[in-house]
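Quick note on numbering: the sequence shown equals residues 8 to 72 in our numbering.
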Amino acid sequence: MRILLDEDKCVGAGQCVLAAGEVFDQRDEDGIVVLLDGHPDEARRGEVETAAQLCPGQAIEVRTD
Ligand code: SF4
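So, in structure tokens, the structure goes:
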């Protein structure tokens, strides 16, 4: 599993951090998303998919490769 982020779409809502705090964080300055783990373990797929669905900016893309 691979995560792609589009920072330009991020509105700093923090839903991704709430859903998958081991994978996503936010910059202190402006709340824009920071990717902590671009290749998370398959065990985290559920929370990562949830984060992508909840993201209001549709900034998170989950790839299976
Ligand atoms: S949920 Fe989306 S918009 Fe909100 S901080 Fe995460 S990536 Fe950015």
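Every residue, glycine too, gets a C-beta built ideally from N, C-alpha and C.
Predicted, not measured: the structure shown is a model, and the values here were computed from it.
> Cα-Cα, which of Arg52, Cys23, Gln65 is closest to threonine 71?
Replying inline: Cα-wise, what sits closest to threonine 71 is Arg52.
>> If distances are taken between C-alpha atoms only, which option among Glu56, Ala20, Gly64, Gln22 comes closest to isoleucine 10?
In response: Answer by Cα proximity: Glu56.
> Apart from the five residues just before and just after alanine 27, which ones in its own chain have a Cβ nearer than 6 Å to its Cβ?
Replying inline: Once the five neighbours on either side are set aside, the close Cβ partners of alanine 27 are Glu54, Val55, Ala58.
> Would you say the beta carbon of proline 47 comes nearer than 7 Å to a heavy atom of the ligand SF4?
Replying inline: Outside the cutoff, so no.
> Which stretch, first to last residue, makes up the beta strand (DSSP E) that contains glutamine 33?
Replying inline: In the DSSP annotation of this structure, the continuous segment of the beta strand (DSSP E) that includes glutamine 33 starts and ends at 31 to 33.
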